[in-house]
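For the sequence shown, this note's numbering gives the first residue as 1215, with consecutive numbering after it.
Even for Gly, the Cβ is constructed at its ideal location relative to N, Cα and C.
To keep things clear, I will list the structure first and then write my remarks on it.
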Amino acid sequence: MRYAQQDFLDKTQDLSERLLEFALSHDAITDAKVVINGCSEVKKTSDANALTASSSGVTHEVKVILFSGLKCVTFSQGGMDEEALKTAIRDNADIIHLAPENPYVALLPREQLSTAASEDLDLFDDSQVTGEDLTLYALAMAQSAAQQPQITVAESQVVGVTSHSAAVASNGFKRYRPMTRYSAQAKAFAQSADGAEMESGYDYTCTRHFADRVAPELIGREAVDMAVSSLGAIMPRAGKMPIVLNHDAAEQFFQNVYAAIDGTAVYRGKTFMKDKVGQKVMSESVTLVDDPRVKRGLSSMDIDSAGLLAKPIAFIESGILKSFNINLMEARQLGLDPIGREDGPANTIILPGTQSPDELIADIEYGIYITAFHGGEVDVNDGKHSRQAQGFVIQDGKITEQAVNGFGVAGNLQDMFMNVVLANESLSLPSPRYDTVAPITRINDVVIAV
């Protein structure tokens, strides 16, 4: 599955320079940027008995951004046919005068480009991972799940991706990013003894290096545990009560912070956080740090795609909003300094609280331990939160084995953010699953709707 770095560079380095030079040769074009992406993917799908599907392929895409003063056009094209790309550049240069003026879309000024030495974040696995390695991993996941009682169907999929991205621009920006990513998922379907009920479960791993993945047997068993434990699920009590989020659900929940501090939403006035920088917006126990410098991190980078140095940022510090999450254009729209997040947030960690997980639950007479959110709606304009969820009943300070499913978690994010209490778990990145880690999280006074 390997798409070697030198092979990609041999195919693209001179091409990107020639395309940039060709674009700038047109009188109408004042600036330009060329990005060439290459991707090699191998996918293996399996059940407990054998490989059921296998696919592989290599794709290329070229993205060109043309500027004419305050006007800009962008196009992308599959493949690397130089003459076809030059024709597309010529056609777009001919019509760029029709584009509306936008004072916010220009390239970063040359003097603001990062001059820091490139940092090796170990995002490329150069070990010899073969298609057979992926096949054996997929089989092991499915077989581990299928061996458990009550499991009627078990299936798995493994995907290995090698990607390269090379960018060059007329402001002097150059960036080459080679990366690998290995992801795998197991699904299991459990049936009740009387055959009247069936539930599904899954587990997942995603890493930059193949050696860092979760063991396939663990993924299979976790999928089984989720499916089997969901059998016999009931509706919980309705009303206002505390909820406790496991790691996965907490990571889902804290993504709402990014939606609320998104630069475009702020610029359009479509978020309740639009004027909250420097103010308390969450419980003082919450510090949210976004770190693009994590070795082998799923969203790591040393320089963003605009050419700015990517540094760790505490967006929330002791409950205080410190910065919006803005790209270069959004920074200009808001009159703020850019922050090196042209490609969005990177690797996020929620720092630990002060109570143990057991202490977090000990005083709950009745509540819900949530293991996943799915569906529903979150509107950061007015803060409305209404999502379906599943999990287990908490009763008399203990998580019971009684599964609950199909209920709604309702509230307002402004209140929910203020009512967060975090467990004292010190987590670290990279995670073998996600680019975000969060401790077990309690949220008080949430409405459970059934």
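Per DSSP, residue 1311 is not a residue of any beta strand (DSSP E), being assigned neither H nor E. Runs of alpha helix (DSSP H) with 4 or more residues, each lying fully within the segment 1215-1241, are found at 1219-1238, listed in chain order. With a cut-off of 8 Å on Cβ pairs, the segment 1446-1462 is not in contact with the segment 1373-1388, counting fewer than three such pairs. Within the same chain, and ignoring the five residues on either side of residue 1238 in sequence, the residues whose Cβ sits closer than 7 Å to its Cβ are 1246, 1384. With respect to residue 1233, residue 1248 sits close: the two C-beta atoms are nearer than 8 Å. For residue 1468, there is no enclosing beta strand (DSSP E); the enclosing alpha helix (DSSP H) has its first and last residue at 1461-1474.
Residue 1412 sits in a strand when the DSSP states are folded into three classes.
With distances taken between CA atoms, residue 1379 lies nearest to 1389 out of 1611, 1526, 1389. Of the residues 1271, 1370, 1263, the one whose Cα lies closest to the Cα of residue 1256 is 1271. Residue 1510 places its beta carbon less than 8 Å from that of residue 1422.
In this structure residue 1404 does not touch residue 1447 by the C-beta definition: roughly 12 Å separates them, more than the 8 Å allowed. With the rule of 3 Cβ pairs closer than 8 Å, the segment 1487-1507 does not count as touching the segment 1607-1623. Unbroken beta strand (DSSP E) runs of no fewer than 3 residues, entirely contained in the segment 1579-1664, are found at 1580-1593, 1598-1609, 1612-1626, 1634-1636, 1655-1663, following chain order. Sorting 1437, 1662, 1377, 1366 by C-alpha distance to the C-alpha of residue 1409 places 1366 at the top. Counting along the chain, the unbroken beta strand (DSSP E) around residue 1372 starts and ends at 1365-1383. The C-alpha of residue 1551 is placed about 25 Å away from the C-alpha of residue 1287.
Counting along the chain, residue 1390 sits inside the beta strand (DSSP E) bounded by residues 1388-1405. In the structure shown, residue 1440 adopts helical secondary structure according to DSSP, grouped into three states. Between residue 1501 and residue 1530, the gap from beta carbon to beta carbon is short of 8 Å. Within the DSSP bridge table, the entry for residue 1275 names 1251, 1292 as partners. Assignment of beta strand (DSSP E) within the segment 1486-1568, counting only whole runs of 3 or more residues, yields 1502-1504, 1527-1531, 1562-1564 in chain order.
Buried is the label assigned to residue 1466, since at least 16 other Cβ atoms lie within 10 Å of its Cβ.
A direct Cα-to-Cα measurement between residue 1326 and residue 1516 gives close to 15 Å.
Residue 1326: not part of any alpha helix (DSSP H); DSSP gives it neither H nor E.
Burial state of residue 1588 is exposed, judged by a 10 Å Cβ sphere holding fewer than 16 other Cβ atoms. Per DSSP, the continuous alpha helix (DSSP H) segment holding residue 1571 begins and ends at 1571-1575. The beta carbons of residue 1355 and residue 1307 sit about 51 Å from each other, so the pair does not count as a contact at 8 Å. In this structure the segment 1601-1613 does not lie against the segment 1520-1529, because fewer than three pairs of beta carbons, one per stretch, are closer than 8 Å.
Excluding the 5 residues flanking it on each side, residue 1333 has same chain C-beta neighbours closer than 6 Å at 1516, in chain order. Our two residues, residue 1436 and residue 1226, have alpha carbons roughly 43 Å apart in a direct line.
Close CB contacts of residue 1328 within its chain, under the 7 Å cut and outside five residues either way in sequence, are with 1517, 1521, 1522, 1523 (chain order).
Apart from sequence neighbours up to five positions away, the residues of its chain that approach residue 1547 with a beta-carbon distance below 6 Å are 1318, 1481, ordered along the chain. In this structure, residue 1585 sits away from residue 1649, with a CB-CB distance that is not shorter than 8 Å.
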